[in-house]
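Sequential numbering from 95 applies to the sequence shown in the working numbering.
Note that the Cβ used here is the ideal one computed from N, Cα and C, for glycine as well.
The model shown is predicted, which means the values in this text are computed figures rather than measured ones.
Here is the structure we will look at.
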Amino acid sequence: MVAAARQLRREFELIQMESEFAVEEVLTKISILRQEFVRLRRYNPIEHVNSRVKTPASTLHKAIRLGVDPTPASIREGVKDIAGVRITCSFIADTYRVLDALTAQADVRVLSVKDYIKAPKPNGYKSLHALVEIPVFLSTGPVHVPVEVQVRTIAMDFWASLEHKIHYKYEGEVPPRLVERLTAAAKASERLDEQMEGLYAEVREAREPTTDEDEEGLDDQMLMRLWNSTRDGHAMHREE
């Protein structure tokens, strides 16, 4: 009995560890994408990133709610959201842009995508949900771990956070008057996203570049001088 209990505990710890490593892999990918956007496109579509890994107790409770046998093998197959990453973006278009960039990577396998932005839930909830599989390389070999990735705007994230707190406070039995106000708030959040994206598009179109110089002070003329001097140097070296 003791040996079986220890083995069971070890297997649950292994699931926990693999999920933590998978989250780290996804966070690294997001960090690289963010730096690429900033350095090459002079724009950062990612406002902030959160992550979490369910505790073994929370995972067991989820398995019971889903009707999954509380065994490590069954949980691996039936509980896919042990590892989770949430990306908050500035605008609606950014959510699709970031998710596309992340899921286009060769080692990311997309299991499913649910677009709650185009088709919100009845309560007004909006977000992109993608279930992806990430390879984690252990000493015993690669393990493919599912990670739930949520991508939403700041307004969507604020609404979802408030909705979660209200449901937690009322243990799921939210009074009808609050449900109505939450639904109205979701519509207001949607209008805000649309207005902010429209404003940003107008500003971006109206902005005229005043110089070819970039943020590091390396303009096109300087690049041409460097290019020509390099060519001259190679020519002199060949003559010698």
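If you draw a straight line from the alpha carbon of residue i to that of residue j, how long is it in whole angstroms?
| i | j | result |
| --- | --- | --- |
| R103 | H258 | 31 Å |
| E118 | W321 | 41 Å |
| S125 | R191 | 15 Å |
| Y262 | V179 | 21 Å |
| H155 | Y294 | 44 Å |
| V120 | K212 | 25 Å |
| I158 | T165 | 11 Å |
| E284 | I186 | 10 Å |
| S255 | G266 | 14 Å |
| E130 | D163 | 43 Å |
| S233 | A116 | 15 Å |
| Q199 | P214 | 27 Å |
| K219 | V96 | Correcting the residue type first, residue 219 is Tyr in the shown sequence and not Lys. When rounded, the distance between both Cα atoms is 46 Å. |
| H223 | Q101 | 34 Å |
| T305 | V297 | Here the model assigns T305 a pLDDT of 45, short of 50, so the residue's position is not dependable, and the following value carries that caveat. Cα to Cα, T305 sits roughly 18 Å from V297. |
| W253 | N144 | 16 Å |
| R319 | V132 | 26 Å |
| V230 | V273 | 41 Å |
| E114 | V147 | 6 Å |
| P270 | Y264 | 12 Å |
| P236 | V268 | 44 Å |
| D209 | L193 | 11 Å |
| E299 | K174 | 42 Å |
| E105 | Y137 | 43 Å |
With a 10 Å radius around its C-beta and 16 neighbouring C-beta atoms as the bar for buried, classify residue i as buried or exposed.
| i | result |
| --- | --- |
| D246 | The amino acid at residue 246 is misidentified as Asp; the sequence shows Arg. Classification for R246: buried. |
| G292 | exposed |
| P139 | buried |
| D188 | buried |
| S206 | exposed |
| S323 | exposed |
| A151 | exposed |
| A278 | exposed |
| T149 | exposed |
If you measure between the beta carbons of residue i and residue j, is that distance less than 9 Å?
| i | j | result |
| --- | --- | --- |
| T153 | I176 | yes |
| E227 | V241 | yes |
| M290 | S221 | no |
| L225 | V204 | yes |
| T182 | D287 | no |
| K281 | V202 | no |
| L276 | N217 | yes |
| A195 | L127 | yes |
| E141 | I260 | no |
For a test of your reading of the model: does the CB of residue i fall under 8 Å from any non-hydrogen atom of the ligand FMN? Yes or no.
| i | result |
| --- | --- |
| L154 | No copy of the ligand FMN occurs in the structure displayed, which carries no ligand at all. |
In the stretch 97–181, which residue ranges form an unbroken beta strand (DSSP E) of at least 3 residues, counting only runs that do not cross its ends? 140–147
Sequence ranges, alpha helix (DSSP H) only - wholly within the stretch 249–306, length at least 4: 270–300
Determine, using beta-carbon pairs with one atom in the stretch 104–111 and one in the stretch 162–176, whether at least three such pairs fall under 8 Å. yes
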